[in-house]
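Undergrad:
Number of protein chains: 2
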Amino acid sequence: MENTTTNTDYQYRVEVCFMPGQYPVYAQDMGIVVVIDVLRATSAMVAAFDNGVDRIIPVATIEEARKYLGREGYIAAAERDGEVVEGFEYGNSPLAYIGKDLKGKTIVMTTTNGTKAINLAKDAKVLVIGSFLNLTALSEWLVQQDENILLLCSGWKDKFNLEDSVFAGAVMERLLESGKFGVEEDSSIAAKYMYMAARENFMGIIKAAPRRRRIEQLKMHADVKFCLTPDQSRAIPILRNGELVLMDTMVSA
Amino acid sequence: MENTTTNTDYQYRVEVCFMPGQYPVYAQDMGIVVVIDVLRATSAMVAAFDNGVDRIIPVATIEEARKYLGREGYIAAAERDGEVVEGFEYGNSPLAYIGKDLKGKTIVMTTTNGTKAINLAKDAKVLVIGSFLNLTALSEWLVQQDENILLLCSGWKDKFNLEDSVFAGAVMERLLESGKFGVEEDSSIAAKYMYMAARENFMGIIKAAPRRRRIEQLKMHADVKFCLTPDQSRAIPILRNGELVLMDTMVSA
Numbered sequence: 267m268e269n270t271t272t273n274t275d276y277q278y279r280v281e282v283c284f285m286p287g288q289y290p291v292y293a294q295d296m297g298i299v300v301v302i303d304v305l306r307a308t309s310a311m312v313a314a315f316d317n318g319v320d321r322i323i324p325v326a327t328i329e330e331a332r333k334y335l336g337r338e339g340y341i342a343a344a345e346r347d348g349e350v351v352e353g354f355e356y357g358n359s360p361l362a363y364i365g366k367d368l369k370g371k372t373i374v375m376t377t378t379n380g381t382k383a384i385n386l387a388k389d390a391k392v393l394v395i396g397s398f399l400n401l402t403a404l405s406e407w408l409v410q411q412d413e414n415i416l417l418l419c420s421g422w423k424d425k426f427n428l429e430d431s432v433f434a435g436a437v438m439e440r441l442l443e444s445g446k447f448g449v450e451e452d453s454s455i456a457a458k459y460m461y462m463a464a465r466e467n468f469m470g471i472i473k474a475a476p477r478r479r480r481i482e483q484l485k486m487h488a489d490v491k492f493c494l495t496p497d498q499s500r501a502i503p504i505l506r507n508g509e510l511v512l513m514d515t516m517v518s519a
Numbered sequence: 267m268e269n270t271t272t273n274t275d276y277q278y279r280v281e282v283c284f285m286p287g288q289y290p291v292y293a294q295d296m297g298i299v300v301v302i303d304v305l306r307a308t309s310a311m312v313a314a315f316d317n318g319v320d321r322i323i324p325v326a327t328i329e330e331a332r333k334y335l336g337r338e339g340y341i342a343a344a345e346r347d348g349e350v351v352e353g354f355e356y357g358n359s360p361l362a363y364i365g366k367d368l369k370g371k372t373i374v375m376t377t378t379n380g381t382k383a384i385n386l387a388k389d390a391k392v393l394v395i396g397s398f399l400n401l402t403a404l405s406e407w408l409v410q411q412d413e414n415i416l417l418l419c420s421g422w423k424d425k426f427n428l429e430d431s432v433f434a435g436a437v438m439e440r441l442l443e444s445g446k447f448g449v450e451e452d453s454s455i456a457a458k459y460m461y462m463a464a465r466e467n468f469m470g471i472i473k474a475a476p477r478r479r480r481i482e483q484l485k486m487h488a489d490v491k492f493c494l495t496p497d498q499s500r501a502i503p504i505l506r507n508g509e510l511v512l513m514d515t516m517v518s519a
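Residue numbers (my numbering), protein chains in the order written: chain A, 267 to 519; chain B, 267 to 519.
#1: Does any CB atom of chain A fall closer than 8 Å to the CB of Glu451(B)?
#2: Just to make sure I have the definition right: I need the residues of chain B whose C-beta is within less than 7 Å of the C-beta of Met520(A). Which are they?
#3: Starting from Val351(B) and walking both ways along the beta strand (DSSP E), at which residues does that stretch end?
#4: Identify the residues that DSSP records as bridge partners of Met469(A): which are they?
#5: In whole angstroms, what is the alpha-carbon distance linking Gly370(A) and Tyr340(A)?
#6: Check whether the stretch 282 to 291 of chain B and the stretch 321 to 338 of chain B touch, using three or more Cβ-Cβ pairs below 8 Å as the test.
#7: So the candidates are Met375(B), Phe468(B), Asp367(B), Glu352(B); which of them puts its Cα closest to the Cα of Asn358(B)?
#8: Please list the partners that Gly287(A) has in chain B, where partner means a Cβ-to-Cβ separation under 8 Å.
#9: Terminal residues of the continuous beta strand (DSSP E) containing Glu509(B)?
#10: Name the DSSP beta bridge partners of Ala344(A), please?
#11: Can you give, in chain order, each stretch of the alpha helix (DSSP H) that sits fully within the stretch 411 to 455 of chain B and has at least 4 residues?
#12: Count Cβ pairs between the stretch 492 to 501 of chain B and the stretch 397 to 408 of chain B that sit closer than 8 Å; are there 3 or more?
#13: Which residues mark the beginning and the end of the beta strand (DSSP E) in which Glu329(B) is found?
#14: Hey, Arg321(B) and Leu505(B): beta-carbon distance below 8 Å or not?
#15: Assess, as a yes-or-no matter, whether the stretch 458 to 465 of chain A is touched by the stretch 455 to 471 of chain B under the definition of 3 or more beta carbon pairs within less than 8 Å.
#16: With distances taken between CB atoms, is the gap from Gly336(B) to Asn414(B) smaller than 8 Å?
#17: Counting contacts by CB-CB distance shorter than 8 Å, is Ala456(A) in contact with chain B?
#18: Given that a residue counts as buried once 16 or more other Cβ atoms are within 10 Å of its Cβ, and exposed if not, what is Arg306(A)?
#19: Does the Cβ-Cβ distance between Val282(B) and Ser453(B) come in under 8 Å?
#20: Are the CB atoms of Glu355(A) and Thr377(A) nearer to each other than 8 Å?
#21: Check Glu406(A) in the structure and name its three-state DSSP category.
#22: What residues of chain A sit near Asp424(B), judged by a beta carbon separation below 8 Å?
#23: Strictly below 8 Å CB to CB, what residues from chain A border Tyr278(B)?
#24: What separation, rounded to the nearest whole angstrom, lies between the Cα atoms of Ile364(A) and Met311(A)?
#25: Give, in chain order, every residue of the stretch 425 to 442 of chain A whose Cβ lies closer than 7 Å to some Cβ of chain B.
#26: Name the chain B residues whose beta carbon is nearer than 8 Å to that of Phe284(A)?
#27: Suppose the cutoff is 8 Å on Cβ atoms and the five residues either side in sequence are ignored; what does the same chain contact list for Lys366(B) look like?
#28: Mind checking if Tyr459(B) is an interface residue toward chain A, Cβ cutoff 8 Å exclusive?
#29: According to DSSP, is Val304(A) helix, strand or coil?
#30: Let me confirm a value: Ala488(B) is counted as buried when at least 16 other C-beta atoms fall within 10 Å, else exposed. Which label applies?
#31: Expressed to the nearest angstrom, what Euclidean distance is found between the alpha-carbon atoms of Gln294(B) and Asn385(A)?
#32: Just the Cα atoms here: how many angstroms apart are Phe426(A) and Gly353(B)?
#33: Based on the DSSP secondary-structure assignment, which residues constitute the bridge partners of Glu281(A)?
#34: Just the C-alpha distance for Ile373(A) and Thr381(A), rounded to the nearest angstrom, thanks.
#35: In three-state terms, what does DSSP make of Val490(A)?
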């Protein structure tokens, strides 16, 4: 890898892509892609694995998810515009997966932003799922890998999204501390500064975002609080053959 | 206009679009678009008007600019990848326009990012040019307008760009202080936080960006310092019939 800075001697890069639409211009030379949709798809995925699901199949369309409605061993989940799609019991709320017996089940999930980002990056060498729920477990695993890492924010309908970017900044800080990773992109520097501004009063900066106020109006407060609480899980979902499964962190990816 | 917040009673919105590629999703309901390419196209444009040019015609291709090479009364300027294009005397360096007699001349300019952003937004109701050089003059004028305002960062080859976003945050803070403007987009909140992080040590945050180190290697240090020095000018370039002219701030746009 070309070492593009003069002052540091990092081995690998960790970069942030703010929006799925930019993925093609940031994906070059990246070995690991972390897909981030804090509110709420990737938080729900981590919570679901913690509650025993066997695998999650991310699909692009509601129609694909609908085929699995009522099928033995499957949970079909569909969310659009923050709401559970009509005809479905599950959307992207992580709380919906908690306290249920999901052992051995397969979730087939489609969401507005998160599963779209997964689909975009599905040909990455390694694709894993990030959320505040697994922040430390994920960061500890990432720092052990010998690959360039792209933190891919799912955004909100092709727009920049604050909580995904702040989370990317949190992961980045941990990777930069290792000395093994460095950054090259302006977006990565910006994510770090956003995280620094947010860390002291995390719920505060998130609430400062006007869209957050809309979310509160949608009475998702319990979901938001859950999704912004770090380190509730050691689960790291990883994509294998188009399906998310729980990574065995005792062996390498 | 829909008032989407409950705590404030602003009349108009001021929003930030980080990259030209996102312009279509941010442009809706926007009356004024401020095109920003701090390093260096929009800084050069402001400097050129301060040095007497009559108008600047932004063009998309090198070929269009080339037609004006050697033509009486015209200056053809072309930059790609930070360098003056072969065969041209002028690129996007603002310093090239200083100390020369440019009275009554027309500049025909094409640049990697800035003129591309202008072209994208050319059908906006009002399009003006922003840079640190005219920060106060521009902000004072904007705050008097009764329109939603979009601060459009030119970025760097479709990627997020730190100095454009920090500048957008600087303009935004001044508009928010007025109480007349509010924000709706997460990108706008993020730009404000980036500016807050950068304001104490502006050259520091810009130098922290690895690409900046490359720019220094390209020996553009004098240009960078000039472009990051606020309030050297009262000039506000405005697009009229496809040409940038100097706004007469005594009359409304």
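Note that the Cβ used here is the ideal one computed from N, Cα and C, for glycine as well.
TA: Taking the structure as given:
#1: Yes - at least one Cβ of chain A is within 8 Å of the one on Glu451(B).
#2: Outside the displayed range of chain A (267 to 519) lies residue 520(A), so it cannot be described from this structure.
#3: Run containing Val351(B): none; DSSP gives neither H nor E here.
#4: In the DSSP output, where bridge partners are listed per residue, Met469(A) has none listed.
#5: 9 Å
#6: no
#7: Met375(B)
#8: Within chain B, the residues near Gly287(A) are Gly287, Gln288.
#9: 509 to 512
#10: Thr376(A)
#11: List check, alpha helix (DSSP H) in window: 428 to 443.
#12: Taking 8 Å as the limit for Cβ pairs, the verdict is that the stretch 397 to 408 of chain B does touch the stretch 492 to 501 of chain B.
#13: Taken as a continuous stretch (DSSP letters only), Glu329(B) belongs to no beta strand (DSSP E), being part of the alpha helix (DSSP H) at 328 to 332.
#14: no
#15: yes
#16: no
#17: yes
#18: Arg306(A) is buried by the Cβ-count criterion.
#19: yes
#20: no
#21: helix
#22: Gln288, Val291
#23: Those within 8 Å of Tyr278(B) in chain A number zero; the least Cβ separation is about 14 Å.
#24: It is roughly 11 Å from the alpha-carbon of Ile364(A) to the alpha-carbon of Met311(A).
#25: Lys425, Phe426, Asn427, Leu428, Ser431
#26: Phe284, Phe426
#27: Counting only Cβ-Cβ distances below 8 Å, and skipping sequence neighbours, we find Asn317.
#28: yes
#29: coil
#30: exposed
#31: 28 Å
#32: The straight-line gap separating the alpha-carbon atoms of Phe426(A) and Gly353(B) is approximately 39 Å.
#33: Leu416(A)
#34: Whole-angstrom Cα-Cα distance: 12 Å.
#35: Judged by DSSP in its simplified three-state form, Val490(A) adopts helix.
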